[in-house]
Amino acid sequence: MSFFAKTALQVVSYCVGCLLATAVVLRMIVYAIRKGPRTLFSMKKRPSPPTCMQDPSLGVHGFAHLEDIRLHYVSNGSEDKPLMLLVHGFPEFWYSWRHQLREFKDDYRVVAVDQRGYGDSDKPTSVADYTVDKLANDLRQLIPALGYKKCVLVGHDWGGMAAWALAQTCPEMVDRLIIMNCPSTQAYSKHAASGFSQLKKSWYFSLFQVPYIPELNMRRSDMAVLKNLFTGRVMGLKSGVMSDEDVEAYKYTFQRGGFTAPINYIRALIRYPDFAFSRLTSPDLKVTCPTLIIWGCQDGALDTEMAALSAETVSGEVTVKYIEDCSHWTEMDQPELLQARSLLVVLVVVVMVMETEAWWNRYRHIAKAKKTKPQKLQAIAKKLAQDTSDGRRKRSVGLDDVTVDEIEDLESVCCDIYSLMDDNQHVDMEALTQFFHFVDDSNPDPIAAGDGNLNGEELGQFGNIL
Numbered sequence: 001m002s003f004f005a006k007t008a009l010q011v012v013s014y015c016v017g018c019l020l021a022t023a024v025v026l027r028m029i030v031y032a033i034r035k036g037p038r039t040l041f042s043m044k045k046r047p048s049p050p051t052c053m054q055d056p057s058l059g060v061h062g063f064a065h066l067e068d069i070r071l072h073y074v075s076n077g078s079e080d081k082p083l084m085l086l087v088h089g090f091p092e093f094w095y096s097w098r099h100q101l102r103e104f105k106d107d108y109r110v111v112a113v114d115q116r117g118y119g120d121s122d123k124p125t126s127v128a129d130y131t132v133d134k135l136a137n138d139l140r141q142l143i144p145a146l147g148y149k150k151c152v153l154v155g156h157d158w159g160g161m162a163a164w165a166l167a168q169t170c171p172e173m174v175d176r177l178i179i180m181n182c183p184s185t186q187a188y189s190k191h192a193a194s195g196f197s198q199l200k201k202s203w204y205f206s207l208f209q210v211p212y213i214p215e216l217n218m219r220r221s222d223m224a225v226l227k228n229l230f231t232g233r234v235m236g237l238k239s240g241v242m243s244d245e246d247v248e249a250y251k252y253t254f255q256r257g258g259f260t261a262p263i264n265y266i267r268a269l270i271r272y273p274d275f276a277f278s279r280l281t282s283p284d285l286k287v288t289c290p291t292l293i294i295w296g297c298q299d300g301a302l303d304t305e306m307a308a309l310s311a312e313t314v315s316g317e318v319t320v321k322y323i324e325d326c327s328h329w330t331e332m333d334q335p336e337l338l339q340a341r342s343l344l345v346v347l348v349v350v351v352m353v354m355e356t357e358a359w360w361n362r363y364r365h366i367a368k369a370k371k372t373k374p375q376k377l378q379a380i381a382k383k384l385a386q387d388t389s390d391g392r393r394k395r396s397v398g399l400d401d402v403t404v405d406e407i408e409d410l411e412s413v414c415c416d417i418y419s420l421m422d423d424n425q426h427v428d429m430e431a432l433t434q435f436f437h438f439v440d441d442s443n444p445d446p447i448a449a450g451d452g453n454l455n456g457e458e459l460g461q462f463g464n465i466l
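Each residue of the sequence shown is one higher than the one before, counting from 1 in UniProt numbering.
1. Apart from the five residues on each side of it in sequence, which residues of its chain come closer than 7 Å, Cβ to Cβ, to Y234?
2. Below 7 Å between beta carbons: does that hold for L226 and Y250?
3. With a cut-off of 8 Å on the beta carbons, I'd call L177 and V287 a contact; round off their distance for me.
4. My output table needs one value for residue 471: the three-state DSSP class, helix, strand or coil.
5. Of the residues L216, S2, V174 and R116, which one's Cα is nearest the Cα of T22?
6. For F435, is the classification buried or exposed, using 16 other Cβ atoms within 10 angstroms of its Cβ as the cut-off for buried?
7. So, with DSSP's three-state summary, where would you put R75?
8. Determine contact between the segment 161-177 and the segment 92-99, defined as no fewer than three beta-carbon pairs at a distance below 8 Å.
9. Taking 8 Å as the threshold, find out whether the segment 311-330 comes into contact with the segment 40-58 through three or more Cβ pairs.
10. Taking the C-alpha atoms as reference points, what is the distance between L309 and C289?
11. Could you say which of H72, R109, E67 and P124 lies nearest to H61 if we only look at CA atoms?
12. Would you give the residue range spanned by the alpha helix (DSSP H) that L9 belongs to?
13. Assign I417 to one of two classes, buried (16 or more other C-beta atoms within 10 Å of its C-beta) or exposed (fewer than that).
14. Assuming L146 and A64 make a contact with CB atoms under 8 Å, what is their CB distance in whole Å?
15. Comparing alpha-carbon positions, which option in L292, I323, D114 and P50 lies nearest D246?
16. Enumerate, from N- to C-terminal direction, the unbroken beta strand (DSSP E) stretches of 3 or more residues contained entirely within the segment 106-188.
17. Return the residue from the list D274, V113 and K105 that minimises the CA-CA distance to Q10.
18. Which same chain residues, not among the five before or five after I69, have their C-beta less than 6 Å away from its C-beta?
19. Quick one: Cα of M180 to Cα of A162, how far?
20. Could you work out which residue in V25, E67, A187 and N76 is closest to L58 when comparing CA atoms only?
21. Applying the 10 Å Cβ sphere with the 16-neighbour rule, what's the burial state of C15?
22. Closest to P262 by CA distance: which of H156, T231, M223 and F93 is it?
23. Is there a C-beta anywhere in chain C that falls below 7 Å from the one on P37?
24. Going by the DSSP bridge assignment, what does I270 pair with across the sheet?
25. Can you say whether D333 is buried or exposed, counting buried as having 16 or more other CB atoms within 10 angstroms of its CB?
26. Determine the extent of the alpha helix (DSSP H) in which H65 is found, giving its start and end residues.
27. When you compare only the Cα positions, how much space is there between F196 and D303?
28. Can you tell me whether DSSP reads K45 as helix, strand or coil?
29. Taking 7 Å as the cut-off, decide whether the C-beta atoms of V110 and M84 are in contact.
30. Excluding the five sequence neighbours on either side, which residues of its own chain have a C-beta within less than 8 Å of the C-beta of I143, listed in chain order?
31. Give the straight-line distance between the Cα atoms of L399 and L292, rounded to the nearest whole angstrom.
32. Tell whether a beta-carbon distance below 7 Å holds between T131 and A268.
33. Output needed for S78: all residues of its chain with C-beta closer than 7 Å, excluding positions within five of it in sequence on either side, in chain order.
34. At what residues does the beta strand (DSSP E) containing L296 begin and finish?
35. Please name the residue or residues paired with residue 480 in a DSSP beta bridge.
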């Protein structure tokens with residue numbers, strides 16, 4: 001980014017921020033007049049964490065001492081399992097990954113880290129300590145500090161920003177990348193330049209450039225902003241699964257740690273934009289590992305269009321999954337759609353659409369089989385993907401492309417669908433067979449040979465069966 005562009009960005013952001021800060025102050029004054037000053041500045045005492053944070057099923061707490069910072073994390077699962085590293089966003093902390101910490105512990109060592117400035121991690125005082133390259137460097141050091149060379153990296157919001165950066169700059173450390181509601185900087189820059197929709201949603205970037213006022217606004221009325229973010233109409237979880245005790249967990253954490261460090265993430269992005277908006281936006285700097293982008297479509301902070309644009313940052317295998325009735329808080333709003341059981345079913349379907357109707361009919365009456373580990377499913381899917389002509393996401397693979405052993409593995413995988421379903425769901429085998437031959441809305445060509453094609457309503461009904 002040129003000196004002129006950087007200066008213009010900073011000046012415009014600060015000027016707009018001053019106007020927004022004035023409006024925020026006026027709003028607080030009006031509130032104080034109507035409700036009383038004590039209500040505006042009230043803060044409930046929270047001497048101990050809520051019970052939900054102390055649940056032993058979430059895992060054990062630990063600290064990683066890196067070169068210049070100490071990071072707190074919660075770990076669940078055996079240390080001899082592959083590492084799944086979970087990185088939260090703003091304003092969150094490790095607790096945002098409570099569902100995934102429990103769900104994936106049987107197959108991974110799941111580690112949810114408090115990023116610098118959050119929770120029990122160290123909180124440097126300088127804005128310069130919160131640049132994107134510093135966040136990525138924390139992850140680069142954390143992985144070997146936990147005893148690993150690489151990991152499955154999962155990032156949401158600002159955690160996604162750090163995850164994108166690490167995957168782009170240290171590809172050897174990321175085995176697979178999962179991003180939730182966070183665009184790559186390449187996608188954000190491209191989309192923001194095409195219109196004002198995202199810029200309007202990012203208004204708080206400017207407000208946060210002003211000192212003191214943003215922190216005061218976050219703390220007012222016993223941190224009412226947090227409750228509004230997680231349960232309000234615009235940004236709140238659409239599923240309504242955020243309990244009052246869950247909100248208390250966030251209030252307890254930020255009452256102790258404050259909001260200055262988290263807000264400094266946005267301040268640093270504007271004051272020190274070179275790494276994020278120069279190096280990471282280079283067209284030559286691509287993510288090479290298999291990548292899954294999950295996007296809640298009811299996001300009040302980020303435009304949905306950036307999900308597909310972010311896929312252009314990936315040169316390897318990439319899949320974009322949209323969740324219609326889901327807010328910005330993807331990992332909390334629809335956790336059942338992100339759990340191992342659902343992921344296994346989706347993966348089985350992906351594998352099966354590569355096969356012909358004749359293959360499926362041969363094994364359709366088999367009802368039970370022993371459970372298959374996720375790694376086995378992934379290995380089969382990866383092998384089939386490697387057999388395609390372009391090495392990416394070709395959706396039709398014939399029987400000639402796989403070996404006899406792989407066919408036998410697929411037989412077992414196919415049967416595993418039933419062991420993942422409840423006995424009372426009464427799977428319609430004809431509908432299941434037909435599902436493997438549906439027409440993708442974005443591609444009018446049939447995915448596999450077959451007579452029938454499901455329309456959108458029928459596909460939705462089959463989704464309910466799963």
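For every residue, glycine included, the Cβ atom is placed at its ideal position computed from N, Cα and C.
Predicted model only: the values in this text are computed from it and were never measured.
This is what the structure gives:
1. Position 234 of the sequence shown, counting from 1, holds the residue named residue 234. As written in the sequence, residue 234 is Val, which differs from the Tyr given in the question. Within the same chain, V234 has close Cβ partners G300.
2. Here residue 226 refers to the residue found at position 226 when the sequence shown is read from its first residue. Here residue 250 refers to the residue found at position 250 when the sequence shown is read from its first residue. For L226 and Y250, yes; Cβs fall inside 7 Å.
3. As a working note, residue 177 is residue 177 in the sequence shown. As a working note, residue 287 is residue 287 in the sequence shown. About 6 Å; that satisfies the 8 Å criterion.
4. Only positions 1 to 466 of the chain appear in this structure, which leaves residue 471 out of reach.
5. Counting from one through the sequence shown, the residue named residue 22 turns up at place 22. The residue with the shortest Cα to Cα distance from T22 is L216.
6. As a working mapping, residue 435 is identified with position 435 in the sequence shown. Interpretation of F435 is limited by its pLDDT of 41, a score under 50 that renders its predicted location unreliable; no figure is taken from the coordinates.
7. If you number the sequence shown from 1, residue 75 lands on position 75. Correcting the residue type first, residue 75 is Ser in the shown sequence and not Arg. S75 falls in the strand class under three-state DSSP.
8. no
9. no
10. Residue mapping note: residue 309 aligns to position 309 of the sequence shown, counting from 1. Residue mapping note: residue 289 aligns to position 289 of the sequence shown, counting from 1. In a straight line, the C-alpha of L309 is about 17 Å away from that of C289.
11. As a position in the sequence shown, residue 61 is number 61, starting the count at 1. Per the Cα distances, H72.
12. On the sequence shown, residue 9 is found 9 positions in, with the first residue counted as 1. First-last of the alpha helix (DSSP H) with L9: F3 to K35.
13. Translated into the one-based positions of the sequence shown, residue 417 becomes position 417. Annotation note: pLDDT 47 at I417 (below 50); position unreliable, coordinate value reported separately. Flag for I417 reads buried.
14. Mapped onto the sequence shown, residue 146 falls at position 146. Mapped onto the sequence shown, residue 64 falls at position 64. Yes, L146 and A64 are in contact; Cβ-Cβ is about 7 Å, under 8 Å.
15. Your numbering for residue 246 matches position 246 in the sequence shown. Comparing Cα-Cα distances from D246 to each of L292, I323, D114 and P50, the minimum goes to P50.
16. 109-113, 151-156 and 174-180
17. Residue 10 sits at position 10 when you count from the first residue of the sequence shown. With distances taken between Cα atoms, Q10 lies closest to D274.
18. Translated into the one-based positions of the sequence shown, residue 69 becomes position 69. Excluding residues within five positions, the ones whose Cβ falls inside 6 Å are R116 and D122.
19. The residue given as residue 180 occupies position 180 in the sequence shown. The residue given as residue 162 occupies position 162 in the sequence shown. Those two C-alpha atoms are separated by around 12 Å.
20. For the purposes of this step, residue 58 is taken as the residue at position 58 of the sequence shown. Considering only alpha carbons, the answer is N76.
21. Residue numbering aside, residue 15 sits at position 15 when the sequence shown is read from its first letter. Exposed, by the Cβ-count rule.
22. For this step, residue 262 is matched to residue 262 along the sequence shown. Here the closest residue by C-alpha is F93.
23. The chain labelled as chain C is not found in the depicted structure, where only one protein chain is given.
24. Mapped onto the sequence shown, residue 270 falls at position 270. Paired residue(s): none; I270 is not in a bridge.
25. Your numbering for residue 333 matches position 333 in the sequence shown. By the neighbour-count rule (16 or more Cβ atoms within 10 Å), D333 is buried.
26. On the sequence shown, residue 65 is found 65 positions in, with the first residue counted as 1. That residue, H65, is in no alpha helix (DSSP H); its beta strand (DSSP E) goes V60 to H65.
27. In the sequence shown, counting from the first residue as 1, residue 196 sits at position 196. In the sequence shown, counting from the first residue as 1, residue 303 sits at position 303. Taking the straight line from one Cα to the other gives about 11 Å.
28. Looking up residue 45 in the sequence shown gives position 45. Residue state, collapsed to three classes: coil.
29. In the sequence shown, counting from the first residue as 1, residue 110 sits at position 110. In the sequence shown, counting from the first residue as 1, residue 84 sits at position 84. Cβ distance < 7 Å, so V110 and M84 count as in contact.
30. The sequence position of residue 143 within the sequence shown is 143, counting from 1. L83, L85, K149, K150, C151 and M173.
31. Taking the first residue of the sequence shown as 1, we reach residue 399 at position 399. Taking the first residue of the sequence shown as 1, we reach residue 292 at position 292. Summary for L399: the model assigns pLDDT 32, below 50, so the residue's position carries little reliability, and this model does not support an answer.
32. Numbered from 1 along the sequence shown, position 131 holds the residue referred to as residue 131. Numbered from 1 along the sequence shown, position 268 holds the residue referred to as residue 268. Yes, the Cβ-Cβ distance between T131 and A268 is below 7 Å.
33. Position 78 of the sequence shown holds residue 78. Around S78: R109.
34. In the sequence shown, residue 296 corresponds to position 296, counting from 1. The sequence shown places Gly at residue 296, not Leu. Start and end: T291 to G296.
35. Nothing can be reported for residue 480: it is not among the residues displayed for the chain, which extend from 1 to 466.
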